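Undergrad:
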Amino acid sequence: SKVLSLSQASRVQYSDGQILNLMQVDSNRLAQSVQILNDVWSIPLIFCICLYFLYQQLGLACFAAVGAMLLLAPANAFVMKFYLKYSRQTMERRDKRVKVLTEVLEGIKTVKYFGWEEQMQAKLMD
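Residue numbers (the numbering used here): 1 to 126.
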């Protein structure tokens, strides 16, 4: 299958860890896009229906809750900025770990021959 095959130049440019990480991220984004497409039309509809029922039960007080949600939206954006930064750092660490693991698995005979198991295990646990 052509989907999983890479040219030699691409294999030199990207490590196995980076390729696996990109595949995982892309597949997650594709799966999330299906959900997002459904949310585009359903969330506004659900919001309007809920707002109508809240107005029936609470009257004008329901708009205070909606106002509070709108005021807290910038705080949510602020928190998400830190989450995305942390997520990027996690992916970079995962890339490094997969790269080291791939190197160890490819060179397992050498590691066993020289008795480097403990050093490699410590390197993998970092």
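For glycine and all other residues, C-beta sits at the position ideal for the given N, C-alpha and C. Note that the structure is a prediction, hence the values are computed from the model and not measured.
Could you tell me the distance, in whole angstroms, from the CA atom of Ile36 to the CA atom of Lys109?
TA: Rounded to the nearest whole angstrom, the C-alpha separation of Ile36 and Lys109 is 47 Å.
Undergrad: Can you tell which of Gln8, Ala64, Cys62 and Leu124 has its C-alpha closest to the C-alpha of Lys99?
TA: Leu124
Undergrad: Starting from Val71 and walking both ways along the alpha helix (DSSP H), at which residues does that stretch end?
TA: For clarity, residue 71 is Leu in the given sequence; the question names Val instead. Element bounds for Leu71: Cys62 to Glu106.
Undergrad: Start and end of the alpha helix (DSSP H) containing Asp26?
TA: Counting along the chain, the alpha helix (DSSP H) containing Asp26 begins and ends at Asp16 to Leu58.
Undergrad: Within the same chain, show all residues whose beta-carbon is closer than 8 Å to that of Tyr86, passing over the 5 residues directly before and after it, in chain order.
TA: Correct list: empty, nothing qualifies.
Undergrad: Let's see if you can read the secondary structure: which residues bound the alpha helix (DSSP H) around Ser10?
TA: Gln8 to Gln13
Undergrad: Kindly list the residues whose CB is nearer than 8 Å to the CB of Ser1, restricted to its own chain and excluding five residues on each side of it in sequence; keep chain order.
TA: For Ser1, the predicted model reports a pLDDT of 47, less than 50, meaning its position is unreliable and no value from the coordinates is stated.
Undergrad: For Gly107, which residues in the same chain have their Cβ closer than 6 Å to its Cβ, ignoring the five residues on either side in sequence?
TA: none
Undergrad: Please state if the CB of Leu54 and the CB of Cys62 are separated by a distance shorter than 8 Å.
TA: yes
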